[in-house]
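Protein chains in written order, with our numbering: chain A, 3 to 328; chain B, 3 to 328; chain C, 270 to 632; chain D, 270 to 632.
Backbone N, C-alpha and C fix where the C-beta goes; we use that ideal spot for every residue, glycine too.
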Amino acid sequence: MAELKMVQSINLALARAMEEDARVLVLGEDVGVDGGVFRATEGLLGRFGADRVLDTPLAEAAIAGLSVGLAAQGFRPVAEIQFTGFIYPTIDQLANHASRLRTRTRGRLTCPMVLRSPAGGGIRAVEHHSESPEAMLAQIPGLRVVIPSSPLKAYGLLLAAIRDPDPVVFLEPTRLYRAFMEETPDDGAALPLDSCFIQREGSHVTLVAWGAMLRDALGAADLLAQEGTEAEVIDVATLKPLDEATILESVAKTGRCVIAHEAPLTAGFGAEIAARLAGRGLTSLLAPVERVTGYDTVMPLPRLEAAYLPGQDEIAAAARRTMSYK
Amino acid sequence: MAELKMVQSINLALARAMEEDARVLVLGEDVGVDGGVFRATEGLLGRFGADRVLDTPLAEAAIAGLSVGLAAQGFRPVAEIQFTGFIYPTIDQLANHASRLRTRTRGRLTCPMVLRSPAGGGIRAVEHHSESPEAMLAQIPGLRVVIPSSPLKAYGLLLAAIRDPDPVVFLEPTRLYRAFMEETPDDGAALPLDSCFIQREGSHVTLVAWGAMLRDALGAADLLAQEGTEAEVIDVATLKPLDEATILESVAKTGRCVIAHEAPLTAGFGAEIAARLAGRGLTSLLAPVERVTGYDTVMPLPRLEAAYLPGQDEIAAAARRTMSYK
Amino acid sequence: MTVRFEIGFTRYLAPNGKLVPGLPPFAADAKTIIPLYEAMVRARVFDAKAVALWRTGRLGTFASSLGQEAVAVGAASAMQETDVLLPSFREHGAQLWRGVTPVELLLYWGGDERGSDFKGPRQDFPVCVPVASHVPHAVGVALACKLRRERRAALCILGDGATSKGDVAEALNIAGVWRLPVVFVINNNQWAISVPVSRQTAAETLAQKGIAAGIPSLQVDGNDVVAVRMAVAGALERARTGGGASLIEAITYRLADHTTADDASRYRDDADVSPHWLEEPLIRVRTFLTEAGLWSKKDEEHLLQETTAEIEAAATAYLGIPTQNVSTIFDYTFEKLPEDLVTQRQHALGRRVQSAAPPAVQS
Amino acid sequence: MTVRFEIGFTRYLAPNGKLVPGLPPFAADAKTIIPLYEAMVRARVFDAKAVALWRTGRLGTFASSLGQEAVAVGAASAMQETDVLLPSFREHGAQLWRGVTPVELLLYWGGDERGSDFKGPRQDFPVCVPVASHVPHAVGVALACKLRRERRAALCILGDGATSKGDVAEALNIAGVWRLPVVFVINNNQWAISVPVSRQTAAETLAQKGIAAGIPSLQVDGNDVVAVRMAVAGALERARTGGGASLIEAITYRLADHTTADDASRYRDDADVSPHWLEEPLIRVRTFLTEAGLWSKKDEEHLLQETTAEIEAAATAYLGIPTQNVSTIFDYTFEKLPEDLVTQRQHALGRRVQSAAPPAVQS
Ligand SMILES: Cc1ncc(C[n+]2csc(CCOP(=O)(O)OP(=O)(O)O)c2C)c(N)n1
Ligand SMILES: Cc1ncc(C[n+]2csc(CCOP(=O)(O)OP(=O)(O)O)c2C)c(N)n1
Ligand SMILES: [Mg+2]
Ligand SMILES: [Mg+2]
């Protein structure tokens with residue numbers, strides 16, 4: 003049992019999955035000899051050999067496409083897209099093939115693949131290295147979208163994603179890779195892919211977030227607690243399929259909800275959650291649903307990044323608005 | 003002045019735009035000699051010549067990418083992606099380049115391009131020919147997303163899209179191409195790209211739709227009228243940027259809202275509209291916001307297509323639920 | 270330091286039915302060609318029936334393979350059962366050879382997913398409509414075979430238009446550098462809908478797309494089933510035994526419209542097409558077999574009768590198959606249906622929709 | 270019917286500074302080589318300063334072009350002012366030659382969009398980070414030039430790793446079939462981060478990627494600024510005068526880490542790298558010029574002094590430029606800001622955020 007950074011717990015989960023299932027392969031650009039540009043796959047090549055850890059040519063569409071072929075043949079490819087800004091060329095394979103191979107063939111061929119990709123902003127990276135396209139991916143039927151928010155979650159969710167018989171996109175917030183450590187036992191225990199996590203209980207307002215923004219939500223909850231407001235914080239780590247029930251139940255209790263994400267506001271995944279609240283959750287709502295998000299603009303280059311990304315202050319402010327409503 | 007089908011009014015708008023502005027080019031697979039697989043570009047090659055109507059090789063990513071180059075050089079490319087099921091390989095260019103060229107270069111280079119594509123279901127087409135990915139595209143900052151619902155709208159909105167100085171994705175519902183005729187004067191009048199259209203006024207419930215679903219919404223309004231329910235019907239033809247005000251005002255009046263789209267429910271664009279209602283629109287809501295949408299599954303092959311696509315009956319039923327709420 | 274490449278061309282059976290060099294080993298006994306001929310006829314009869322069904326509104330939009338039967342049959346017949354076929358959407362002849370049934374093919378083109386649940390070649394890929402997007406799948410399948418150290422290979426068929434897609438270049442390149450057991454066969458039928466291959470690329474051959482990937486590449490007469498079979502068999506055997514990937518361009522011609530939704534007269538004249546009827550793949554084999562004393566008018570009649578009967582029976586069977594339950598829209602989305610979808614399925618099952626089989630004419 | 274191809278290789282200046290054949294026309298007067306040398310030195314000094322700024326947390330992640338200056342300078346110097354440059358992210362030498370200022374480059378790499386608002390070459394494209402995605406842009410630019418019947422061409426520089434991307438194959442193919450005025454220059458520095466070119470492709474050369482597109486393709490010594498300049502100039506002139514596209518593979522070596530975020534010692538030994546220092550592009554030109562009596566120690570000192578002063582001044586200027594107003598996040602999203610964004614801008618302007626200039630070290 004050890005305190006691990008998220009990048010280490012991901013490495014641990016990959017090793018564990020490869021150890022327990024010979025069908026699991028790791029592939030992508032620079033994942034082998036280099037161990038991944040963030041070191042998430044460090045040591046795997048040495049341990050599992052070049053037949054199971056493959057440095058690919060520079061070709062994202064083909065990385066996704068050949069993973070479909072591998073998966074249909076019974077392998078469990080875990081492909082890395084080096085940054086989520088380069089995931090767009092894989093969408094054709096995700097939307098037209100990976101996510102529908104099972105239904106197209108009535109279950110004859112299936113696609114148990116995982117596409118991992120470092121995502122999101124906050125590390126002052128170069129252009130195109132700070133994207134949050136989770137909602138685009140979450141619209142694809144037949145695809146799971148998972149975003150961990152801590153070392154422990156990353157470990158358990160990645161194991162679950164690899165073991166899952168269907169395709170999963172696994173977005174890893176780069177700014178969490180080395181942000182903090184967490185006790186992460188290598189016990190092989192997967193976390194569920196269909197449940198939200200209640201991170202903190204509270205009865206006054208529900209804060210909903212995922213990935214890196216969860217820490218901001220928790221930070222906001224701390225701020226609010228100092229003012230006597232008890233926030234319930236929910237981690238929607240498995241965006242799709244969405245566990246609506248946990249969110250609705252929480253808001254049934256609190257009557258107030260703030261949803262936070264880095265991605266742009268419009269058609270971001272926060273919209274889906276707010277929409278569920280406007281539907282089945284309406285009677286619970288005592289105040290407008292607040293969304294604290296990136297703007298509908300391109301993520302600016304690093305000098306202005308901090309002015310773009312929402313943080314705990316905005317979440318807390320939104321929560322206060324819901325509290326003081328009417 | 004003539005009664006035109008939508009495919010004809012699109013053809014008319016293209017011809018008009020090419021006539022009035024020599025920078026306008028039409029390009030895509032089979033748009034020239036063949037006149038487009040739906041005949042939307044019929045006659046343009048003969049009229050404007052091979053320098054302005056270009057049959058491209060079969061390469062969607064490059065069609066989008068070279069359009070960016072053309073646009074940066076001052077042309078106004080109107081590229082066709084033969085079906086929206088093949089638009090995914092263009093997303094990289096749309097998200098990483100077309101939509102951000104202006105902001106990346108602080109306005110030095112711009113990208114006045116239009117990507118047209120036949121979209122949606124309802125024509126019992128072959129696999130991958132019935133997609134509705136508008137929400138995926140609407141999440142891209144800096145990109146306009148437009149979907150016409152009638153011959154007249156198609157004419158005016160396409161003209162506006164071509165004249166617009168920024169990139170526009172223009173999704174044409176295939177099932178409307180020949181579904182009905184409408185008086186469409188070739189007057190060169192563009193329609194606004196930032197306003198919803200109130201298609202029918204009413205005070206009891208607001209029905210929100212776009213594209214082919216607008217007819218279903220209007221059909222539902224007829225059904226509801228027979229029962230004494232006056233539905234207001236809004237066409238969100240310009241999904242992005244969203245004209246939130248028109249929708250909020252309508253719901254402020256009616257207190258009830260049904261949103262309809264063909265795309266899957268989760269993270270569909272209906273979510274964004276519902277989210278706005280759950281936010282700034284909350285106080286207006288007298289009943290849960292209903293979304294009548296495709297399911298979170300792959301669009302089935304034609305034999306079961308009708309069981310997938312929502313229609314006027316579902317919209318009317320949803321409206322009745324909102325009316326009888328509480 | 271000049272580096273040189275060449276693209277060769279092979280043909281065995283000339284359009285007049287004469288042998289160009291001599292028969293290759295597999296056909297030392299010329300009788301082995303008979304099943305190839307029969308399979309091409311079967312594909313053609315199937316195509317005709319499918320188009321007829323479409324005409325009467327009982328099949329969806331359909332892509333006939335008229336004139337390209339030698340590519341499909343030549344390639345598929347070179348496969349071993351354990352190899353994996355990844356067809357595009359115009360390889361009915363290959364799929365039929367592999368054991369996909371005519372009923373399954375009709376079901377698929379009639380708009381029913383069960384048509385891709387092949388009872389025969391369980392590992393073969395279904396039809397692929399997004400052009401070229403199946404080509405990387407073949408690379409993945411080949412990698413699977415290689416990693417398991419199996420003597421198997423993937424066979425991927427794609428069109429001339431497909432060669433312009435980036436997917437193909439990416440896939441070829443990876444297959445080349447990883448020396449994967451995969452054979453890419455280009456059905457160069459000289460058209461991509463309305464775009465002739467001369468406007469698709471400036472490359473003198475399509476085979477040379479393989480040069481970019483460093484893989485052995487050649488052209489064959491795609492109307493010569495013997496040449497196709499020979500080239501593909503050689504390439505597959507090399508693939509299975511560690512020799513890596515290859516690319517074969519089979520030059521043929523699309524004698525029919527692109528699909529039933531297309532009207533080729535808009536972009537090509539009959540005069541362009543008619544010379545190609547002299548080169549189509551069936552006549553030359555029939556001539557050859559007849560001259561070799563292996564095929565008679567009676568054999569021909571018998572074959573046509575039998576094949577027609579088989580395909581007619583398949584059509585009848587297809588038309589009698591009821592539409593799937595609405596629940597199936599949901600049931601294969603994930604292995605286990607998530608809560609959200611359980612609710613949605615409930616809703617769908619409660620809807621009253623117009624009955625929907627068999628499908629009507631499409632645009 | 271065999272079709273043959275070949276890929277030639279050219280070099281003028283050997284690593285020892287000796288001329289291989291003789292000087293090409295443009296350098297009949299060897300003095301014309303001096304500005305090329307000066308530009309390569311300028312690029313190298315710029316690179317060194319940028320890395321130094323990064324080390325002290327005053328620049329973002331940066332991609333040095335150490336050792337590849339001849340590709341950038343040779344190619345850019347072959348351009349006319351009205352041609353359009355489409356660089357990847359490692360072509361500082363080309364951008365500087367074109368008139369992009371060191372301050373602009375530092376601003377960009379320092380995380381400020383104004384760095385791409387070049388005051389000089391207004392039509393040149395900005396740095397492109399998503400590998401190969403700028404290559405189709407070059408095709409569009411070239412098409413624009415052709416349609417307007419201008420004597421201009423596009424010059425696109427890409428890496429060896431980039432050649433594996435489908436974008437490149439699609440773009441090359443279109444440029445070929447439409448005979449567009451565009452020249453593609455591959456900076457083959459033999460590495461794509463940790464992947465050597467031998468594991469990137471089985472192709473014997475990268476130039477042969479052009480064979481797939483039917484465009485003239487050749488290799489040059491990418492450490493020989495004369496050879497690069499000659500090859501690119503010829504190709505550009507052919508492009509401008511209706512001769513269509515070409516591809517030039519310039520063989521060089523990445524002497525530095527991939528970027529400041531990379532540690533190349535994880536995947537290559539110093540012993541792999543050191544021989545390449547003997548072939549790097551500056552020494553041979555200096556040797557040649559010196560032996561030709563055109564360059565002295567004093568010239569060298571003077572050049573270094575001047576260039577260093579220029580770059581130091583640029584760095585100081587860069588560091589003094591205040592961060593843009595928050596409003597600029599919004600102002601260039603569309604020509605006219607839509608309502609929705611007006612509201613959002615309002616919100617952003619109201620926020621209090623930590624001051625953010627200059628940027629800190631990145632991961
Ligand atoms: C990615 C993609 N783009 C466009 C289409 C529409 N389309 C269907 S077939 C076809 C032409 C294909 O040409 P080719 O590869 O030569 O195959 P052929 O139809 O001649 O067998 C096109 C453009 C498609 N199915 N997929
Ligand atoms: C599409 C894409 N995939 C991955 C990356 C991450 N990445 C940045 S540079 C690079 C290697 C590029 O190699 P090459 O094309 O040879 O150019 P070089 O860096 O050697 O100049 C990679 C993989 C990227 N920027 N874009
Ligand atoms: Mg073809
Ligand atoms: Mg390189």
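Given residue i, which residues of its chain have a CB within under 8 Å of its CB, disregarding the five upstream and five downstream residues?
i	result
G190(B)	R18, E22 and L161
For residue i, does the count of other Cβ atoms within 10 angstroms reach 16, so buried, or fall short, so exposed?
i	result
R417(C)	exposed
F182(A)	exposed
N594(C)	exposed
P150(B)	buried
N456(D)	buried
A4(B)	exposed
L573(C)	exposed
R324(C)	exposed
N285(C)	exposed
K155(A)	buried
T299(A)	buried
W546(D)	exposed
So, at 6 Å on beta carbons, what are the nonlocal neighbours of residue i in its own chain, with the 5 sequence-adjacent residues on each side left out?
i	result
R359(C)	A332 and S334
F278(C)	Q488
E275(D)	none
Could you tell me whether any Cβ in chain D is nearer than 9 Å to the Cβ of residue i?
i	result
Q477(C)	yes
A309(A)	yes
D493(C)	no
T299(A)	yes
If you drop the 5 nearest sequence neighbours on each side, which residues of the same chain put their C-beta closer than 7 Å to that of residue i?
i	result
A219(A)	L209, A211, V235, A262 and I317
Closest Cβ-Cβ distance between residue i and chain C: below 9 Å?
i	result
Q337(D)	no
R305(B)	yes
L27(A)	yes
T43(A)	no
Could you check whether the Cβ of residue i sits closer than 9 Å to any Cβ belonging to chain A?
i	result
P628(C)	Note that P628(C) scores 36 on pLDDT, short of 50, meaning its location in the model is unreliable and no value can be drawn from it.
Any Cβ of chain B within less than 9 Å of the Cβ of residue i?
i	result
A625(C)	Because the pLDDT of A625(C) is 39, which lies under 50, any placement of that residue in the model is unreliable, and the question is left without a value.
I462(C)	yes
A586(C)	no
Of all the alpha helix (DSSP H) runs that stay within the bounds of the region 304-377 of chain D, which reach a length of 4 or more residues?
Secondary structure in the region 304-377 of chain D: the alpha helix (DSSP H) runs of 4 residues or longer, each lying completely within the stretch, are 338-346 and 361-367 in chain order.
Please list, in chain order, the residues of the region 273-292 of chain B that have any C-beta partner in chain A closer than 9 Å.
Within the region 273-292 of chain B, the residues whose Cβ lies closer than 9 Å to some Cβ of chain A are A273, E274, I275, A276, A277, R278, L279, A280, G281, R282, G283, L284, T285, L287, A289, P290, V291 and E292, listed in chain order.
Between the region 57-68 of chain A and chain D, which residues of the former have a C-beta closer than 7 Å to a C-beta of the latter?
Of all residues in the region 57-68 of chain A, D57, P59, L60, A61 and A63 have a Cβ within less than 7 Å of some Cβ in chain D.
So if I threshold CB-CB distances at 7 Å, which residues from the region 270-291 of chain D count as touching chain C?
Here the close residues are M270, T271, V272, R273, F274, E275, I276, G277 and F278.
Can you check the region 215-247 of chain A for any beta strand (DSSP E) of at least 3 residues that lies completely inside it and give the ranges in chain order?
Correct list: 233-237 and 240-242.
Using a Cβ-Cβ cut-off of less than 7 Å, give me the residues of the region 371-386 of chain D that come near chain B, in sequence order.
Residues of the region 371-386 of chain D with a C-beta less than 7 Å from any C-beta of chain B: E382, R383, S385 and D386, listed in chain order.
Against chain A, which members of the region 425-445 of chain C pass a CB distance test of less than 8 Å?
The residues in question are G435, D436, E439, A440, N442 and I443.
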